[in-house]
Amino acid sequence: MKQLVIFCLLCLYFSSAHSAIIIFSNGDTINAEVIERTDTSIKISHSAMGEIDIPTNQISTIDGKVFAAKPIDPPEAQQIDVASAEQQADTKESGETKKIDESSGLFAFNYRPFRDWTHKFGGGFNGKQGNTTSASRHFEYRGNAENAQKRWDIRAIYDFNDGGDDDAQNEYYLQATRDWLRPDSDWFYFASGKYEWDEYKSWDNKITVIAGSGYDFIKRKDLLLLGRFGLSGQQTNGGSNPGLEPELMFGGDVNKTFSDVHSVKFKTAFFQGLSSNAGWRNISTLDWDIVVNQLWGLGLNLGLENEYESIPDDGDVNNDFKYKLSFVWAWGGKDGDS
63 MKQLVIFCLL
73 CLYFSSAHSA
83 IIIFSNGDTI
93 NAEVIERTDT
103 SIKISHSAMG
113 EIDIPTNQIS
123 TIDGKVFAAK
133 PIDPPEAQQI
143 DVASAEQQAD
153 TKESGETKKI
163 DESSGLFAFN
173 YRPFRDWTHK
183 FGGGFNGKQG
193 NTTSASRHFE
203 YRGNAENAQK
213 RWDIRAIYDF
223 NDGGDDDAQN
233 EYYLQATRDW
243 LRPDSDWFYF
253 ASGKYEWDEY
263 KSWDNKITVI
273 AGSGYDFIKR
283 KDLLLLGRFG
293 LSGQQTNGGS
303 NPGLEPELMF
313 GGDVNKTFSD
323 VHSVKFKTAF
333 FQGLSSNAGW
343 RNISTLDWDI
353 VVNQLWGLGL
363 NLGLENEYES
373 IPDDGDVNND
383 FKYKLSFVWA
393 WGGKDGDS
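Following my numbering, the numbering of the sequence shown begins with 63 at its first residue and continues without gaps.
Here it is as structure tokens:
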């Protein structure tokens, strides 16, 4: 009877703790009794090492069976610290990127008025039929930019020829137009200004200011067709009819891109004077741009410009027609936010 009781006690002991062959992840093997097991560790009893806790991620197999440890999630506070550190790192990196981008502007300080503009500078020859008939040297700058909120168009031209009175030419003008676009509508507002000077016309200079509305009839990547209407004021200094002339204005633009090599731009504007003895006038321009070398931005420009006045100043003719051939250097990009 005593021997039976001892045998039962031994069975209970070996049922609660059994000997197992444990192989670690590094290849080591021990024979120990597994006392307790959790998701993160197991407690064993070894004859030499005693009772020890072993992390489950260090165990490969137990009794030949692959041991799959459950992943251990870091404490919630640690997760918050890690997320906060990652956010701070992203913010720092974004700030450094913005700082580098802003410091790469004009003269390395945060001043980039013509960022993402397309610039074209040309020089060549100009022919004219009007108050004088001549062939002269021609220089021109054109700048364009557009994004979802606005559209810019700037143009400056200088023509000169030191010939005689019959063919001499010395004139320039600067014109800038800005459109205020509406992303949810084809309507837009615009304002334009122009300064003209011509040594061989009866007047000294002219200043024109226009404000009004416009509508994009077609707006695609390869084609832009729009119309404009508004009020204009032209201040003429010198000549037979100096002073300020209020006018009604309407016109339109067509920009067509045929390929990466050929593109055409046409602009026209009609002005009707509002005073009792005022006439009407029209200004139209046509530019055909041909890309010769895309890598270097080199190209050619063939242009026409015609200005008609129904009642010209004394000594001037009704029609002033010009044609030009220019070698062009283009640089810059589109869709700026300037």
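All C-beta atoms, glycine included, are put in the ideal place defined by N, C-alpha and C.
First and last residue of the uninterrupted beta strand (DSSP E) at residue i
| i | result |
| --- | --- |
| Q237 | 231-243 |
| S103 | 103-108 |
| F320 | F320 -> no beta strand (DSSP E), and no H or E assigned at all. |
| K406 | The first residue shown for the chain is 63 and the last is 400, placing residue 406 beyond what the model contains. |
| N267 | 265-281 |
| A94 | 91-99 |
| N88 | Careful: N88 lies outside any beta strand (DSSP E) and carries neither H nor E. |
| D248 | Counting along the chain, D248 falls outside any beta strand (DSSP E), and DSSP gives it neither H nor E. |
| G288 | Checking the displayed sequence, the identity of residue 288 turns out to be Leu instead of Gly. First-last of the beta strand (DSSP E) with L288: 285-300. |
| R177 | Note, R177: premise wrong, no beta strand (DSSP E); not H, not E. |
| I114 | 112-117 |
| I345 | 342-355 |
| S425 | For the chain, the structure presents residues 63 to 400; residue 425 sits outside this window and is missing. |
| L360 | 360-371 |
| S122 | 121-124 |
Within 8 Å, strictly: CB atoms of residue i and residue j
| i | j | result |
| --- | --- | --- |
| G205 | W179 | yes |
| H200 | S388 | yes |
| D248 | Y220 | no |
| I97 | S109 | no |
| E307 | A340 | yes |
| L286 | D315 | yes |
| T118 | S103 | yes |
| G186 | K318 | no |
| W393 | G359 | yes |
| E233 | D260 | yes |
| R343 | E371 | yes |
| D378 | N303 | no |
Residue i, buried or exposed, once every other Cβ within 10 Å from all chains shown has been counted against 16
| i | result |
| --- | --- |
| D382 | buried |
| S337 | exposed |
| F252 | buried |
| S87 | exposed |
| N380 | exposed |
| G361 | buried |
| R99 | exposed |
| K407 | Shown here, the chain extends from 63 to 400; a query on residue 407 therefore has no answer. |
| G395 | exposed |
| N223 | buried |
| N363 | buried |
| L357 | exposed |
| I134 | Confidence in I134 is poor, its pLDDT being 44 and thus under 50, which makes the residue's placement too unreliable to answer from. |
| K384 | buried |
Any chain B beta carbon closer than 8 Å to residue i
| i | result |
| --- | --- |
| S198 | The chain inventory of the structure shown lacks chain B, comprising one protein chain alone. |
Rounded Cβ spacing between residue i and residue j (contact assumed at less than 8 Å)
| i | j | result |
| --- | --- | --- |
| H324 | I280 | About 19 Å; that fails the 8 Å criterion. |
| Y262 | Q231 | 7 Å |
| I124 | I84 | 6 Å |
| W391 | F183 | 5 Å |
| N188 | S198 | 5 Å |
| Y257 | Y235 | 6 Å |
| G301 | W265 | 3 Å |
| R244 | K212 | That pair is no contact at about 10 Å. |
| G274 | G255 | G274 to G255, Cβ: 13 Å. No contact. |
| A348 | F320 | Contrary to the premise, residue 348 reads as Leu rather than Ala in this sequence. About 14 Å; that fails the 8 Å criterion. |
Distance cut-off 7 Å: residue i Cβ against heavy atoms of the ligand NAD
| i | result |
| --- | --- |
| A210 | Here there are no bound small molecules, and the ligand NAD is not part of this structure. |
*Does the region 291-308 come close enough to the region 267-280 that 3 or more CB-CB pairs lie under 8 Å?*
Enough Cβ pairs lie closer than 8 Å, so yes.
*Taking 8 Å as the threshold, find out whether the region 301-319 comes into contact with the region 328-337 through three or more Cβ pairs.*
Contact between the region 301-319 and the region 328-337 is present: 3 or more CB-CB pairs across the two stretches fall below 8 Å.
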